[in-house]
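In full-length UniProt numbering, the protein residues as written are 1 to 512.
Quick reminder that beta carbons are idealized off the backbone N, C-alpha and C, glycines included.
Since the structure is predicted, the reported quantities are computational estimates derived from the model, not experimental observations.
Here is the structure we will look at, set down as structure tokens.
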């Protein structure tokens, strides 16, 4: 009944359309209305969808009601008092999140433009949550759907508790929540990571471009409790093994160009492949791949366990970490994992650079290094490798999250599922940006790892090597081997995705 609605409702419901329907919901609510032409152009009341000027007027009315001190901007105090008058009570933490999310010019308050942008972005997120809760797809949420959805996330509640949740949102006594009631209740209430988004937007688990420096993916409570997390990791490891094997010739060429190419020895891609085949036959193109595949399992396992422990140490009460927390936890976990398996990184470089007959295998190579150079040789290039984690992980995560959020804001209507091509494009672009930022450090690391393969070569430091490269080859010298490295990104991402999806099905991972 209209009379049972809260004080907030007339103002809030009318923000986006005079009839109380959201501006983008014609396709959803209109589908249930009786057929009469032009259903897509009318709201649930049968009136035409509002013009831009009418919508602007209604938004300004709401803004003015919230702008308690009449200074043309909403601060935390304005929101607390204004929302309180509308019957919407929010905690100070919630209000701080609202201001932070919408405050583009970082002045600590929301002007009208920022307020409108926040509301529009917020509504899209709310629509995704509503869609994921509406299991029956009938435009309403009942107690059973709330119980089921919370169980999916690992939270067990009774139907009586679900009914209490319903009553707090249900304004017309039907014991179901429609879209308008859902939006009214959650207006100006911050929405955190939506589990549906986490399910679809796995990143580091799916894509393997040969450098395992990305921040680990988040898993929902349900995935942790049902054991799906380890299946995701196994599928990701298998995908990485196939992807690295398929792109191994390009990876070996990159290592050769990083170490041997110079102004006097300008190695090109065709020339490099020809040289490798002439020296050791077609099989030599895969030198170093065995150890590269072998290190996936321990590195992924250590990184995931370290990440989970660091999350607990951070002590956040949220299930999902915020971006900066993920970067810190992921970088530390990456550093721990890299420290644990770093000798394998050195072995991989030496095996890739070896001449025909130099070593009989990985163990022989390890014995030779230990006998001739000592244990310290297994940690050559360790410092530039550790320093490379921050720019790689940080830029990769930032670019991926930016692309993901842009897609969700502009194109996500019925589902957070981006589809194959969007996911591949986002993964490829973010990985490429991360590699580009950290590439000079990766090149210096590889040269330091390879250094002792030349008998009697003098010991060099990271700083000394940077200076030497800049002096003899210029800034371009820090990007030797970049072409084959970038050439393998798209095939690596594509192959790992296809294999990951197939292994996921084999292991019985639910694809929602």
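Going by beta-carbon coordinates alone, are residue 490 and residue 432 separated by less than 7 Å? As a first step, residue 490 is located in the chain shown; it is residue number 490 there, counting from the start. As a first step, residue 432 is located in the chain shown; it is residue number 432 there, counting from the start. Not closer than 7 Å, so no.
Alpha carbon to alpha carbon, how far is residue 468 from residue 270? Give it in angstroms, no decimals. By one-based count along the chain shown, residue 270 stands at place 270. By one-based count along the chain shown, residue 468 stands at place 468. One C-alpha to the other measures close to 27 Å.
Please classify residue 268 as buried or exposed, where buried requires at least 16 other C-beta atoms within 10 Å of its C-beta. Numbered from 1 along the chain shown, position 268 holds the residue referred to as residue 268. The residue is exposed, with fewer than 16 neighbouring Cβ atoms inside 10 Å.
Where does residue 94 fall in DSSP's three states? Here residue 94 refers to the residue found at position 94 when the chain shown is read from its first residue. Three-state result, residue 94: helix.
Quick check on residue 255: buried or exposed, where buried means 16 or more other Cβ atoms within 10 Å of its Cβ? Position 255 of the chain shown, counted from the first residue, corresponds to residue 255. Its Cβ being crowded by 16 or more others within 10 Å, residue 255 is buried.
Residue from 443, 493, 396 with nearest C-alpha to residue 242: As a first step, residue 242 is located in the chain shown; it is residue number 242 there, counting from the start. It is 493 whose Cα lies nearest to the Cα of residue 242.
What does residue 178 pair with, by DSSP beta-bridge criteria? By one-based count along the chain shown, residue 178 stands at place 178. DSSP, once it has assigned bridges, lists 140 as partnering residue 178.
I'd like to check one pair, residue 462 with residue 380: are the Cβ atoms closer than 7 Å? For the purposes of this step, residue 380 is identified with residue 380 of the chain shown, where counting begins at 1. For the purposes of this step, residue 462 is identified with residue 462 of the chain shown, where counting begins at 1. It is not a contact, given that the beta carbons lie outside the stated cut-off.
Does the region 294–301 come within contact of the region 337–354, defined as at least 3 CB pairs closer than 8 Å? yes
Nearest to residue 117 (by Cα), restricted to the options 134, 508, 63: Within the chain shown, the letter at position 117 stands for residue 117. Checked all of 134, 508, 63; the closest Cα to residue 117 is 63.
For the structure I just gave you, are there three or more beta carbon pairs, one from the region 353–361 and one from the region 383–390, closer than 8 Å? no
I'd like the span of the alpha helix (DSSP H) that includes residue 301, first residue to last. For this step, residue 301 is matched to residue 301 along the chain shown. Residue 301 -> alpha helix (DSSP H) spans 296–314.
Looking at the strands, I want to know which residues DSSP matches up with residue 110. In the chain shown, the residue the question calls residue 110 occupies position 110. Partner(s): 74.
Buried or exposed: residue 100, going by 16 or more other Cβ atoms within 10 Å of its Cβ? Here residue 100 refers to the residue found at position 100 when the chain shown is read from its first residue. Label assigned to residue 100: exposed.
Using the C-alpha atoms, what's the distance from residue 479 back to residue 359? Numbered from its first residue, the chain shown carries residue 359 at position 359. Numbered from its first residue, the chain shown carries residue 479 at position 479. The straight-line gap from Cα to Cα measures roughly 29 Å.
Taking the alpha-carbon of residue 304 as reference, which of 324, 287, 334, 290 has the nearest alpha-carbon? Looking up residue 304 in the chain shown gives position 304. Ranking the options by Cα distance to residue 304, first place goes to 334.
Of the residues 91, 405, 67, which one's Cα is nearest the Cα of residue 122? If you number the chain shown from 1, residue 122 lands on position 122. Ranking the options by Cα distance to residue 122, first place goes to 405.
With 16 other Cβ atoms within 10 Å as the buried cut-off, status of residue 92: Working through the chain shown from its first residue, we reach residue 92 at position 92. Residue 92 should be labelled exposed.
Roughly how many angstroms separate the alpha carbons of residue 308 and residue 229, rounded to a whole number? Along the chain shown, one-based indexing puts residue 308 at 308. Along the chain shown, one-based indexing puts residue 229 at 229. Cα-Cα distance, rounded: 12 Å.
Residue 324 burial status per 10 Å Cβ neighbour count (16 or more: buried): Here residue 324 refers to the residue found at position 324 when the chain shown is read from its first residue. Residue 324 is exposed by the Cβ-count criterion.
Give me the Cα-Cα distance between residue 279 and residue 363, rounded to the nearest whole angstrom. Counting from one through the chain shown, the residue named residue 279 turns up at place 279. Counting from one through the chain shown, the residue named residue 363 turns up at place 363. Rounded to whole angstroms, residue 279 to residue 363 spans 22 Å at the Cα level.
Between residue 407 and residue 420, how many whole angstroms is the CB-CB distance? I'm expecting something under 8 Å. Taking the first residue of the chain shown as 1, we reach residue 407 at position 407. Taking the first residue of the chain shown as 1, we reach residue 420 at position 420. With a Cβ gap of about 13 Å, residue 407 and residue 420 do not count as contacting.
Assign residue 555 to buried or exposed, taking buried as 16 or more other Cβ atoms, counted over all protein chains shown, within 10 Å of its Cβ. What is shown of the chain runs 1 to 512, which leaves residue 555 out entirely.
Taking buried to mean at least 16 other C-beta atoms within 10 Å of its own C-beta, is residue 282 buried or exposed? Looking up residue 282 in the chain shown gives position 282. Flag for residue 282 reads exposed.
For residue 134 and residue 400, I'd like the C-alpha separation in whole angstroms. Locating residue 134 in the chain shown gives position 134, counting from the first residue. Locating residue 400 in the chain shown gives position 400, counting from the first residue. Each residue's Cα considered, the two are about 28 Å apart.
Ignore the nearest five residues each way along the sequence and tell me which others in residue 110's own chain have a CB closer than 7 Å to its CB. Taking the chain shown and counting its residues from 1, one reaches residue 110 at position 110. Once the five neighbours on either side are set aside, the close Cβ partners of residue 110 are 73, 74, 99, 102, 103, 118.
Kindly indicate which residue of 257, 434, 344 has the alpha-carbon position closest to the one of residue 477. As a first step, residue 477 is located in the chain shown; it is residue number 477 there, counting from the start. Closest option to residue 477, Cα to Cα, is 257.
Simplified DSSP state of residue 558, which is helix, strand or coil: This structure leaves residue 558 out entirely; the chain is present only between 1 and 512.
Residue 236 to residue 496, Cα distance in whole Å? Within the chain shown, residue 236 is the residue found at index 236, counting from 1. Within the chain shown, residue 496 is the residue found at index 496, counting from 1. So the alpha carbons of these two residues sit roughly 8 Å apart.
Taking C-alpha atoms, which residue in 263, 112, 252 lies nearest to residue 292? In the chain shown, counting from the first residue as 1, residue 292 sits at position 292. Considering only alpha carbons, the answer is 252.
Let me make sure I understand the geometry here. Which of 288, 326, 481, 294 has the alpha-carbon closest to that of residue 349? Counted from its first residue, the chain shown places residue 349 at position 349. Of 288, 326, 481, 294, the residue nearest in Cα terms is 288.
Rounded straight-line distance, which links the Cα of residue 129 to that of residue 466: As a working note, residue 466 is residue 466 in the chain shown. As a working note, residue 129 is residue 129 in the chain shown. Whole-angstrom Cα-Cα distance: 50 Å.
Could you tell me the alpha carbon to alpha carbon distance between residue 306 and residue 295, rounded to whole angstroms? Start at 1 with the first residue of the chain shown, and residue 306 comes out as number 306. Start at 1 with the first residue of the chain shown, and residue 295 comes out as number 295. So the alpha carbons of these two residues sit roughly 16 Å apart.
Roughly how many angstroms lie between the CA atoms of residue 60 and residue 112, to the nearest whole one? If you number the chain shown from 1, residue 60 lands on position 60. If you number the chain shown from 1, residue 112 lands on position 112. The alpha-carbon atoms of residue 60 and residue 112 are separated by roughly 8 Å.
Residue 182 to residue 65 span [Cα, whole Å]: Numbered from its first residue, the chain shown carries residue 182 at position 182. Numbered from its first residue, the chain shown carries residue 65 at position 65. Cα-Cα distance, rounded: 21 Å.
Contact belief for residue 250 with residue 487 at Cβ below 8 Å, rounded distance in angstroms: Within the chain shown, the letter at position 250 stands for residue 250. Within the chain shown, the letter at position 487 stands for residue 487. Residue 250 to residue 487, Cβ: 6 Å. Contact.
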